[in-house]
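Take 104 as the starting number for the sequence shown in this note's numbering and just add one per residue. Every residue, glycine too, gets a C-beta built ideally from N, C-alpha and C. All values derive from a computational prediction rather than experimental measurement.
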Amino acid sequence: MTTDIDWENPADPKPGSWQRDHVRQYVESGGTEGQFWRGTQTLLLTTVGRVSGNPVRTPLIYGEAGGRYLVVASKGGDAEHPLWYRNLSARPDVRIQVGPEIIQGTARTATAEEREAYWPVMVGHWPAYDEYQAKTDREIPVVVIEPV
104 MTTDIDWENP
114 ADPKPGSWQR
124 DHVRQYVESG
134 GTEGQFWRGT
144 QTLLLTTVGR
154 VSGNPVRTPL
164 IYGEAGGRYL
174 VVASKGGDAE
184 HPLWYRNLSA
194 RPDVRIQVGP
204 EIIQGTARTA
214 TAEEREAYWP
224 VMVGHWPAYD
234 EYQAKTDREI
244 PVVVIEPV
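Next up, the structure:
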């Protein structure tokens, strides 16, 4: 885990976006509000910008498996991977906030076997993931975050 990152002051989503409002609610409440959203659970993922080198925070739906956290790089079924996924692909050190708990971790793309096992877990949290996968040619990655 690198220590040159200012994890305490990440950039948040664009002002005026629902993601920005969600992050603000999550952070200002110390994680007591915002973890549960639209019938599922969310965490805040902080990655390191692959170009800027600065931390960037994103709210994401998550699942759990064997002490690991799972997130899906869907971008709503867009043809391209989300920026946060490209960031962690370049630099796997991450920080997550799950409710009030803040955890340093290492992120990686699930193996083919893991994806096969974890995809249904994540669809259980957000059924639209199957729709997103159907509308894109790319295989939507499942990301495994292992606490360090």
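The three-state reading of DSSP puts Q200 in strand, counting E and B together. Here S177 is buried: its Cβ has 16 or more other Cβ atoms, across all protein chains shown, within 10 Å.
When DSSP reads this structure, P195 sits in no beta bridge, so it has no partner.
For the stretch 117–169, the continuous alpha helix (DSSP H) assignments of 4+ residues that do not extend past its boundaries occur at 121–131, in sequence order. In terms of CA proximity to V126, I199 leads the group I199, A220 and W222. When the beta-carbon positions are compared, Y129 and Q138 come within less than 8 angstroms of each other.
In the displayed model, V251 falls within coil according to three-state DSSP, outside both helix and strand. Annotated as proximal: L173 and V246, with beta-carbon spacing under 8 angstroms.
The beta carbon of R153 is closer than 7 angstroms to those of R189, N190, A193 and R194 in its chain, skipping five residues each way along the sequence. Spatial neighbours of T135 in its own chain (CB-CB distance under 8 angstroms, excluding positions within 5 residues in sequence) are listed in chain order as G202 and P203. The three-state secondary structure of A114, taken from DSSP, is strand. A straight-line Cα-Cα distance of about 15 angstroms links T214 and V224.
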